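Here is the structure we will look at, set down as structure tokens.
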Amino acid sequence: MTITEAILVLSSFIISIFNAAIGPTGGLSLVILASLVPPAAVVPLHGAVESASSIFRVTANRHYIDWRIALVFGAGAVVGGLAGASVSLQLPGDILQIVIGALILFSVWGPKPRAGNSSSWRGAALGAVSSFVAMLGGSIGALIMVFIGSKMDDRRGLIGTQSACVAFVHMFKLIAFGILGFAFAPYMHLIVMMIAATFFGGLLGRHVLDRVPEEMFRRIFKILVTLLALRMLAIGFGLI
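Quick note on numbering: the numbering used here labels position 6 of the sequence shown as 1466, and the sequence is numbered without any gaps.
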């Protein structure tokens, strides 16, 4: 295992603890990947790891999921995923760094979307937009959480349904990049190690970090992600 691989595996473990304790982390794993692997591999690798992480949460909350919302969302995600993947693979490395960095900064500091009703057309439209943005490196977890949050009172149902929607996006992401020719084989051992770290980190997070104030984590998280995203922009613009 190289130093880079060790950092990625350890970060997957730590980030999964955050996910279990405070919900969507707004693209932290995406930022770390973008700092350590070739730009064209960032989004596909992120999709592989996050799809597994989402499936773990779906399994844990499967009895509380609103599958009507999730399936309508998934139908829209197919269209957005194919469009976004083709654009992502055609972007030069420096441009992709800038796009990912800007999207992450907007996800963290931009205006939060208002919760709307979960009509079929809204759900499908959100699925298409979320999937397209995810293909370009955008963070979608919080966006989806806000959309379905006004319709669900049970926390387990909210987490489970949000995880199912995210899982659809990332699975379609994998399929789209596979169809478009991305080679996953050279990264397969890294993907397996990161998924394993995500699983065990999630188990630990459910038992440990529920005692730590969420506000503290959110503050530290926003600062860390902002610094890493600014670094990506600096790299993209050739400043470092």
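For each residue, glycine too, the CB sits at the ideal point set by N, CA and C. These numbers come from a predicted model, not from an experiment.
Once the 5 residues before and after phenylalanine 1642 are set aside, which same chain residues still bring their CB inside 6 Å of it?
Counted from its first residue, the sequence shown places residue 1642 at position 182. Only Pro1504 meet the Cβ criterion.
Determine the DSSP secondary structure at phenylalanine 1478, reduced to helix, strand or coil.
On the sequence shown, position 18 is the one that residue 1478 refers to. Helix.
Exposed or buried, what is arginine 1517 when buried is set at 16 or more other beta-carbons lying within 10 Å of its beta-carbon?
Mapped onto the sequence shown, residue 1517 falls at position 57. Buried: at least 16 other Cβ atoms inside 10 Å.
State the Cα-Cα distance for the pair arginine 1666 and isoleucine 1655, rounded to the nearest angstrom.
Against the sequence shown, residue 1666 aligns to sequence position 206. Against the sequence shown, residue 1655 aligns to sequence position 195. Answer to the nearest angstrom: the Cα atoms are 17 Å apart.
Backbone secondary structure at methionine 1461 - three-state DSSP:
Residue mapping note: residue 1461 aligns to position 1 of the sequence shown, counting from 1. Residue state, collapsed to three classes: coil.
Since threonine 1658 and valine 1509 should fall inside the 8 Å C-beta cutoff, what is the C-beta to C-beta distance between them, to a whole number of angstroms?
Taking the sequence shown and counting its residues from 1, one reaches residue 1658 at position 198. Taking the sequence shown and counting its residues from 1, one reaches residue 1509 at position 49. Confirmed, Cβ separation roughly 6 Å.
To which residues of the same chain is serine 1514 closer than 8 Å at the C-beta, ignoring the five residues directly before and after it?
As a working mapping, residue 1514 is identified with position 54 in the sequence shown. Correct list, in chain order: Ser1623, Ala1624, Val1626, Ala1627 and His1630.
Residues in the same chain with beta-carbon distance under 6 Å from isoleucine 1525, minus the five sequence neighbours each way, listed in chain order, please.
Indexing the sequence shown from 1 puts residue 1525 at position 65. For isoleucine 1525, where only same-chain residues beyond five positions count, the Cβ hits under 6 Å are Gly1620, Thr1621 and Ala1624.
Please confirm whether valine 1559 and phenylalanine 1632 have their CB atoms less than 8 Å apart.
As a position in the sequence shown, residue 1559 is number 99, starting the count at 1. As a position in the sequence shown, residue 1632 is number 172, starting the count at 1. No.
Determine the burial state of phenylalanine 1637: buried for a count of at least 16 other Cβ atoms within 10 Å of its Cβ, exposed for fewer.
Reading the sequence shown from its first residue, position 177 is the one you call residue 1637. Buried.
Buried or exposed: which applies to valine 1547, given that a residue is buried once 16 or more other Cβ atoms fall within 10 Å of its Cβ?
The residue labelled residue 1547 in the question sits at position 87 within the sequence shown. The residue in question, valine 1547, is exposed, as its Cβ has fewer than 16 Cβ neighbours within 10 Å.
With C-beta atoms as the reference, is alanine 1689 less than 8 Å away from valine 1491?
In the sequence shown, residue 1689 corresponds to position 229, counting from 1. In the sequence shown, residue 1491 corresponds to position 31, counting from 1. Yes, the Cβ-Cβ distance between alanine 1689 and valine 1491 is below 8 Å.
Euclidean distance between Cα positions of proline 1499 and isoleucine 1700:
Residue 1499 sits at position 39 when you count from the first residue of the sequence shown. Residue 1700 sits at position 240 when you count from the first residue of the sequence shown. Cα to Cα, proline 1499 sits roughly 16 Å from isoleucine 1700.
Nearest-angstrom Cα distance between isoleucine 1555 and methionine 1692?
Counted from its first residue, the sequence shown places residue 1555 at position 95. Counted from its first residue, the sequence shown places residue 1692 at position 232. Each residue's Cα considered, the two are about 10 Å apart.
From leucine 1542 to glycine 1507, what does the alpha carbon distance come to, in whole angstroms?
Residue 1542 sits at position 82 when you count from the first residue of the sequence shown. Residue 1507 sits at position 47 when you count from the first residue of the sequence shown. Whole-angstrom Cα-Cα distance: 14 Å.
Using CA atoms only, rank isn't needed, just tell me which of Ala1588, Arg1522, Val1652 and Pro1552 is closest to glutamate 1465.
Indexing the sequence shown from 1 puts residue 1465 at position 5. Checking every option, the nearest Cα to that of glutamate 1465 belongs to Val1652.
To the nearest angstrom, how far is it from the Cα of serine 1476 to the Cα of threonine 1519?
If you number the sequence shown from 1, residue 1476 lands on position 16. If you number the sequence shown from 1, residue 1519 lands on position 59. Their Cα atoms are separated by approximately 15 Å.
Report the option in Ser1511, Leu1531 and Pro1673 whose CA atom is closest to the CA atom of glycine 1583.
Counting from 1 along the sequence shown, the entry for residue 1583 is found at position 123. Residue Leu1531 is the option with its Cα nearest to glycine 1583.
Taking just the CA atoms, how far does glycine 1561 sit from leucine 1687?
Along the sequence shown, one-based indexing puts residue 1687 at 227. Along the sequence shown, one-based indexing puts residue 1561 at 101. In a straight line, the C-alpha of leucine 1687 is about 10 Å away from that of glycine 1561.
Do valine 1568 and lysine 1682 have their CB atoms nearer than 8 Å?
Here residue 1568 is taken as the residue at index 108 of the sequence shown, counted from 1. Here residue 1682 is taken as the residue at index 222 of the sequence shown, counted from 1. In contact: valine 1568 and lysine 1682 (Cβ atoms closer than 8 Å).
What does the alpha-carbon distance come out to for the pair serine 1591 and valine 1502?
Position 131 of the sequence shown holds residue 1591. Position 42 of the sequence shown holds residue 1502. Those two C-alpha atoms are separated by around 15 Å.
For valine 1469, count the other beta carbons within 10 Å of its own beta carbon; 16 or more makes it buried, fewer makes it exposed. Which is it?
The residue you call residue 1469 lines up with position 9 of the sequence shown. Result: buried.
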